[in-house]
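*Asks:* Starting off with a structure, shown below.
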Amino acid sequence: MKKLSLITGIIVLFFVTSCRDIVNSALDVLPPFEVPFTTTVDVPFAAISTTGYTQTPELPININLDAKIKEQNANFSINNLKSVKLSTLSLDYVSSQLGNKLDVIKNARIYVKAPNQADRLIATAYYNTNPNTITFTETDDEILEYFRTTQNSLIIEIRASKVTADQIKMKINSGFKIKVQL
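Here the sequence shown stands for residues 1228 to 1409, where the numbers follow our numbering.
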């Protein structure tokens, strides 16, 4: 009798665990997907010190995730958004007024900003020496609340490798991993 109840218990446990997996997979009807964002911006660059950070003006990105979600599946909307994380971020040199390149930026920090939210650090790059590209390390933080609105922007903090002033045009290449559920 003890063996029968033990076997029955194992079968019930297996069945309950399997049902939970089925329900969880049904909730993920729309698999996670990547939303790329690329734009070219002119960033005023004025470094009077190589020891402190200088903040650039806010760079509006205004990503409309509701439209991106509906492109994937018309039955879903921003109300089904469960997760947003930065997955890639890099800056590519395009041009500058005085000939400076991205190697004038030694360290950089990127923050995301949205109405009624505190600025959130989402990526960092340290000890840059590349004149053409800066590749960032993402923080893997959940930034869902910053994308429930289309009024979002990036702020770049820069520590210069030398004292200089310029207007640098750079291309921002980023990707956001989006998760949507019922």
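Here a beta-carbon is modelled for each residue, glycine too, at the ideal position from N, C-alpha and C.
Because the structure is a prediction, the values reported are computed rather than measured.
(1) If I1399 and A1335 are in contact, beta carbons under 8 Å, what's the gap, nearest whole angstrom?
(2) What does Q1282 pair with, by DSSP beta-bridge criteria?
(3) Just checking my contact of L1316 with S1401 at CB under 8 Å: how many whole Å lie between their CB atoms?
(4) In chain order, which beta strand (DSSP E) runs of at least 3 residues are fully inside the segment 1300-1326?
(5) What is the C-beta distance between T1377 and N1302, in whole angstroms, given that I count them as a contact (C-beta under 8 Å)?
(6) With H, G and I counted as helix, E and B as strand and the rest as coil, what does DSSP make of V1407?
(7) In this structure, does DSSP put F1272 in helix, strand or coil?
(8) Is the CB of G1402 under 8 Å away from at least one CB in chain D?
(9) In this structure, what does DSSP give as the bridge partners for Q1394?
(10) From the DSSP output, in three-state form, read off K1295 for me.
(11) From I1370 to I1305, what distance separates their C-alpha atoms?
(12) Check this for me: beta carbons of E1365 and A1350, under 8 Å apart or not?
(13) Give me the Cβ distance between T1381 and I1337, rounded to the nearest whole Å; I'm assuming they're in contact under 8 Å.
(14) Can you tell me where the beta strand (DSSP E) with A1335 in it begins and where it stops?
(15) Mapping DSSP to helix, strand and coil, what is L1329?
(16) Within a Cβ cutoff of 6 Å, which residues of the same chain sit near T1283, ignoring the five residues on either side of it in sequence?
(17) Which residue from Q1344, A1341, A1345, K1333 puts its Cα closest to that of Y1354?
(18) Is A1369 helix, strand or coil by DSSP?
(19) Tell me, which residues are paired with R1347 by DSSP?
*Replies:* Concretely, from the data shown:
(1) Wrong, their Cβ atoms sit about 12 Å apart, outside the cutoff.
(2) Note: Q1282 is bridge-paired with E1384 in the DSSP secondary-structure output.
(3) Right, their Cβ atoms sit about 5 Å apart.
(4) The segment 1300-1326 contains these whole beta strand (DSSP E) runs: 1308-1323.
(5) That pair is no contact at about 21 Å.
(6) V1407: strand per DSSP, three-state reduction.
(7) Look at F1272 here: in three-state DSSP terms it is strand.
(8) Included in the structure is just one protein chain, with no chain D present.
(9) Its beta-bridge partners are P1271.
(10) K1295 falls in the helix class under three-state DSSP.
(11) So the alpha carbons of these two residues sit roughly 14 Å apart.
(12) Yes; because the gap between Cβ atoms is below 8 Å, this pair is in contact.
(13) Thr is not the amino acid found at residue 1381; the sequence shown has Leu there. Contact between L1381 and I1337 holds, with the beta-carbon distance rounding to 6 Å and staying under 8 Å.
(14) Going by DSSP, A1335 is part of the beta strand (DSSP E) stretching over 1332-1340.
(15) Helix, per DSSP.
(16) Answer for T1283: V1270, I1383, listed in chain order.
(17) If we check each option's Cα against that of Y1354, K1333 comes out closest.
(18) Per the sequence shown, the amino acid found at residue 1369 is Glu instead of Ala. Three-state result, E1369: coil.
(19) Its beta-bridge partners are V1339.
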